[in-house]
Amino acid sequence: MWQKTTQGLLTWKWGTNNNFLYKCSALDAPVLTKEKVVSLVDAGIGINCAFPLVLRPQRKVKLILSFDYGPFEPFMAIKQTAKYCKENCIPFPEIDESLLKDPDNPSDCYIFRGEGAPTVMHFPLFNRVNCPGNFHVTPTFLKAPDLFLVRL
Numbered sequence: 001m002w003q004k005t006t007q008g009l010l011t012w013k014w015g016t017n018n019n020f021l022y023k024c025s026a027l028d029a030p031v032l033t034k035e036k037v038v039s040l041v042d043a044g045i046g047i048n049c050a051f052p053l054v055l056r057p058q059r060k061v062k063l064i065l066s067f068d069y070g071p072f073e074p075f076m077a078i079k080q081t082a083k084y085c086k087e088n089c090i091p092f093p094e095i096d097e098s099l100l101k102d103p104d105n106p107s108d109c110y111i112f113r114g115e116g117a118p119t120v121m122h123f124p125l126f127n128r129v130n131c132p133g134n135f136h137v138t139p140t141f142l143k144a145p146d147l148f149l150v151r152l
């Protein structure tokens, strides 16, 4: 398996999702070894959160705890999720815009309910309870961690 993994990493082409376990005899898991290509999706690519994964009907979700850790637009992900769900006929509570009237000084918790939809409790981290007054974002705060790619 190590050789297959190393070979897959060394011959990988950017933008492809080739299954490096394809026809791997050392592993007895047909679901992982029979397909040449495996389609994987990052749950946060479209709306920067994993709501679509939890909202599958088979999961029968009743409550979603939504944590927003960003200092900007504390309702962006929840609004995008509501839009996504509406476009894809997925039950999701209506987001009452009147509750979101002060995005620069949000409350510490918002609760959204809807008929036949899970209850969503949304917690903006940067809010008037945790960070009263004006919150100043420094360049150091915004600096993303460095990512390193290791080539074997």
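Everything in the sequence shown is counted per full-length UniProt numbering, starting at 1 for the first residue and increasing by one.
Note that beta-carbon positions come from the ideal geometry of N, C-alpha and C, so glycine has one too.
Proximity of T11 and L63 at Cβ, strictly below 8 angstroms
No. Outside cutoff.
Indicate the three-state DSSP secondary structure (helix, strand or coil) for P91 in the structure shown.
In the structure shown, P91 sits in coil (DSSP, three-state: anything other than H, G, I, E or B).
Can you look up F123 in the DSSP assignment and give me helix, strand or coil?
If DSSP states are grouped into helix, strand and coil, F123 belongs with the strands.
Sequence-distant residues of its chain with Cβ nearer than 6 angstroms to P124 (five each side left out):
Excluding sequence neighbours, P124 sits near D68, P74, P106.
I'd like to check one pair, E97 with G114: are the Cβ atoms closer than 8 angstroms?
No, these two residues do not count as a Cβ contact at 8 angstroms.
Answer yes or no: do T81 and I47 have a C-beta to C-beta separation smaller than 8 angstroms?
Closer than 8 angstroms, so yes.
Span of the alpha helix (DSSP H), counted from its first residue to its last, around F75
Where F75 is concerned, there is no enclosing alpha helix (DSSP H), given that its DSSP letter is neither H nor E.
Beta-carbon proximity of C49 to A77, cut-off 8 angstroms:
Yes, the Cβ-Cβ distance between C49 and A77 is below 8 angstroms.
Cβ shell of K23 (< 7 angstroms), same chain only, five flanking positions each side left out:
Excluding sequence neighbours, K23 sits near T33.
Simplified DSSP state of V37, which is helix, strand or coil
Here V37 sits in strand by DSSP.
Residues near G8 in its chain [Cβ-Cβ closer than 6 angstroms; skip 5 each side]
Residues of the same chain with a CB within less than 6 angstroms of the CB of G8, apart from the 5 flanking positions on each side, are F20 in chain order.
By how many angstroms is the C-alpha of N18 removed from the C-alpha of K86?
Each residue's alpha carbon lies about 33 angstroms from the other.
Name the DSSP bridge partner or partners of N18?
Within the DSSP secondary-structure output, N18 pairs in a beta bridge with V37.
Buried or exposed: A117, going by 16 or more other Cβ atoms within 10 Å of its Cβ?
A117 is buried by the Cβ-count criterion.
Taking its Cβ as the centre, do 16 or more other Cβ atoms sit within 10 Å of L55, making it buried, or is it exposed?
Per the 10 Å Cβ criterion, buried.
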